[in-house]
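These protein sequence lines are chains C and V, in that order.
Going by the numbering used here, the first residue of the first sequence is number 913, and it counts up by one from there.
Going by the numbering used here, the first residue of the second sequence is number 13, and it counts up by one from there.
Where is the CB? At the ideal position from N, CA and C, for every residue including glycine.
Note that the coordinates shown come from a computational prediction; the quantities given were computed from them, not determined experimentally.
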Amino acid sequence: MSPAISIKGVSKKFRLQHERYMSLKERLINIGKKSYDDLWALKDVSFDIEEGTTYGLMGHNGSGKSTLLKLVGGILQPSAGEIITKGRIAALLELGAGMQQDLTGRENIFLNGAILGLSQKELTKRFDEIVDFSELDKFIDTQVRFYSSGMYVRLGFAIAVNVDPDILLVDEVLAVGDELFQRKCMERVKQFQREGRTIVVVSHSADQVRAITSSAAVLNQGELIFNGQTADAIRTFREKLYSGSGEIAPQDDGGKEQIDTEVITISDKNRIAQNQDPQLNTKYKAIEIVDASFSNPDDTGSNNIHTGGPLQAHINWKTNVEEIEDINFSIEVYDSNTNLVFEAFTRETNPGVIKGSGSTLFLWDEIPLADGKYIANFGITSLDGGTVYDWQEQSQSFEVTNNFKTLGTLHLPCHIEIVPD
Amino acid sequence: MSTESFTKVVKPRSSVRSRVMEIWRYRELLIGMVRKELKVKYKNSVLGFFWTMLNPALYIVIFWLVFTRFIPNGIPEFVIFFASGLLVWNLFVNSLNGATSSVVANAGIVKKVYFPREILPLSSVGASIVHYFLQVIVLVLMLFAFQHNIDWKLIWLLPLSLITLIIFVSSLGILLSAVNVYARDMQHLLELILLAWFWITPVVYYRRVMPTEGFVGIIASFIRANPMSAIILPFQRVIYNNITVISTVDNKSIIQILPDESALWYLRNLGITLGVSLVLFYFAMRFFDSAQGNFAEEL
């Protein structure tokens, strides 16, 4: 398979204007004054996206992910490097962009379709399908200015997905319209996947990326730091980037407590070694996970538990500051289809001020889960979740053996009584 | 899926040739945008396309009043002379005004969707061409009313002249639409420039009036070097179809309205203008290409 999108050494420089001179007059008056700083939104990014894959682009706000999407779509031009794309591109950057208020829905379908590169003949062929999908048949000859925002978005999406794109670029727009329409959109995305079209999704929602993509790239401050399997990408994204936001400045205690800059949390033997990039871990973490795992309280050392039996987890942690408060320890458990099954956290019973090191123990008396392997995220965040001090994405797992005869996901004890009349 | 034909390379610079090919690939969008401009303009107006004809009609009436009644200039059938040049001038002005503001006016789509952005100024030119042909209806009616004969032998000059104008105004429009993104007052500056330009173009007066010496001579040389003169003169030559006339002021003095030159002379002037326009087109495309990389941010 050949790459549908080939990104070669792409950099993008933005000018950060201190004061924006919008007119010739202002520019003349302020001639010679440097009124901007250069900001590199992307730095020498290279990777290929194979045909037929659904690809996620992850990163913080300002990491350059949306810029990269716009470059792929040809909306922006790179400052250096080039991007080669094969096939018709439809970009869902902002639905309804380019709709003309004064034109009717019908006229907008033709105009918008033409903007997306379709001929009038092709559009005539697809017209009914677009109207059907948008559910706007009654309003199609009404000027768009009288549309509600929901109708607007529906028409925009209907046009974009019905223009038969080879490459679909999506920028966090899948959460539009009512629930029914959302489901329709997701179905269409899945249909595209089955049809072997290439989809690129920009998101900072790990769940969305996990749900629909097979591979993903992670960007940080304009640099590509990971490119590969989605699960690994999410791990990189959470562990290495989120932990950066819990970063603290080195304390100047006159050498009393010098923190080693090479604090690397290699806590977990299951972690995939290839993703290790020590550079990114040289950040200070106010509190970090030293070790975390699941165990069977009845059979210490094993992470194999029985349906209906107990499960225990622990997080061993250590602080790198004098003391820290505003702490929440949490565990999220996923099944093999990456659905969140349950979670546990200490948020409700605020642990208060924490010093030195210690461990947090989680004990479930009865696990009703049936057979399967479950994988979990361990995290230490602030109470509101805004700061992530340390995070281990899907690093630990436990297995459940069901000794009962029941089938299904859960085994729930049930009192059954047969009452004859 | 015939993906090969859609292979696109996004890079900092593209050649003018590949840009032109890209515009050609999007020609249906160009037609669609022209249609949109016309529709949007007249959507909510009762008179619709009638407005387009009303504007030059009013101009003609006013200039007829001023130059045949208040301060007579002696040109017989002045309205025909004036209209033949005015409509072409209007095509030029409307194209250029529309094109200059086109990228800024369509910021919404420029920021969100890819298509060759040159389509925007070009569609303004396209819409103005449609308006021009509607206005020509007014001119044709006038020719009938005055039972005026045009020079059928030289009529082939008109399409050549029109093509030259389209290339010239498209180049200028592409250039200014990009400039306007970075300096928004270009639009206002343009109004002033066009006002001056109108009066150094022989639309209201005839070309022979110009002296060659002194300060006025300098301005006269501007008029001679003015590409719009070379474009408008063939229209006047073919439609007005008089080189010398007897002044209507005293009914005996003979005035030369148009240069007494062969078709070849007009053709040569057009050729030079076309050459200049093509060079301008090349530089306009180069400038536009280097500027458009930052359109989405500047808007």
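Secondary-structure assignment with DSSP links L98 (chain V) through no beta bridge to anything. In the structure shown, G229 (chain V) falls within a helical segment according to DSSP collapsed to helix, strand and coil. For W63 (chain V), the uninterrupted alpha helix (DSSP H) segment begins and ends at 62-76.
Nearest to E1244 (chain C) by C-alpha distance, out of C:I1292, C:K982, C:E1019, is C:I1292. Taken through DSSP and simplified to helix, strand or coil, V28 (chain V) comes out as helix. For the region 1132-1153 of chain C, there are no residues whose beta carbon sits under 7 Å from a beta carbon of chain V. Relative to the Cα of N306 (chain V), the nearest Cα in the group V:S241, V:F247, V:A190 belongs to V:A190.
Under the three-state reduction of DSSP output, W168 (chain V) falls in the coil class, being neither helix nor strand. In this structure, DSSP gives N306 (chain V) a state outside helix and strand, which the three-state scheme calls coil.
Boundaries of the alpha helix (DSSP H) harbouring H200 (chain V): 198-211, taken from the DSSP string. DSSP, reduced to helix, strand and coil, places N1216 (chain C) within a strand of the structure shown. Of the other Cβ atoms in all chains shown, fewer than 16 fall within 10 Å of the Cβ of T1036 (chain C); this residue is therefore exposed.
S935 (chain C) carries a coil assignment under DSSP once its states are collapsed to helix, strand and coil.
C-alpha of E1311 (chain C) to C-alpha of K920 (chain C): approximately 43 Å in a straight line.
By the neighbour-count criterion, in which 16 or more other beta carbons inside 10 Å mark a residue as buried, V1300 (chain C) falls on the buried side. With contacts defined as CB atoms closer than 8 Å, I1201 (chain C) and Q1308 (chain C) fail to qualify as a contacting pair. Using a CB distance cut-off of 8 Å, L980 (chain C) does not count as an interface residue toward chain V. By the C-beta density criterion, G60 (chain V) is exposed, having fewer than 16 other C-beta atoms within 10 angstroms. In the three-state reduction of the DSSP assignment, K51 (chain V) falls in the helix class, which pools H, G and I. For chain V, the residues of the region 972-1005 of chain C that bring a beta carbon within less than 8 Å of one of its beta carbons are K982, L983, V984, G985, G986, I987, L988, Q989, P990, S991, A992, G993, E994, I995, I996, T997, K998, G999, R1000, I1001, A1003, L1005, in chain order. For A157 (chain V), the enclosing alpha helix (DSSP H) covers residues 131-158. DSSP, read as helix, strand or coil, puts K1102 (chain C) in helix. Taking C-alpha positions only, F145 (chain V) is separated from G44 (chain V) by approximately 18 Å. In terms of beta-carbon proximity, P24 (chain V) lines the interface with chain C, with at least one pair separated by less than 8 Å.
Between I1027 (chain C) and chain V, the shortest Cβ-Cβ separation is below 8 Å. Per DSSP, the unbroken alpha helix (DSSP H) holding Y1064 (chain C) starts and ends at 1061-1074. For M33 (chain V), the three-state secondary structure derived from DSSP is helix.
In this structure, DSSP gives M1011 (chain C) a state outside helix and strand, which the three-state scheme calls coil. Using a C-beta cut-off of 8 Å, the region 199-214 of chain V makes no contact with the region 87-95 of chain V, since fewer than three inter-stretch Cβ pairs fall below that distance. Against F1022 (chain C), the close residues of chain V are G44, in the order they occur along the chain (beta-carbon pairs closer than 7 Å). In the DSSP assignment, N1020 (chain C) falls within the unbroken alpha helix (DSSP H) covering 1017-1027.
Interface criterion not met: the Cβ of R1038 (chain C) is under 8 Å from no Cβ in chain V. For R196 (chain V), a Cβ of chain C is located within less than 8 Å of the residue's own Cβ. Residue contact with chain V for R1057 (chain C): absent (no Cβ-Cβ distance below 8 Å to any residue of chain V). Within the model, the alpha-carbon separation for I1287 (chain C) versus G1320 (chain C) is close to 18 Å. Within chain C, no residue has its beta carbon less than 9 Å from that of L169 (chain V); the closest one is some 35 Å off.
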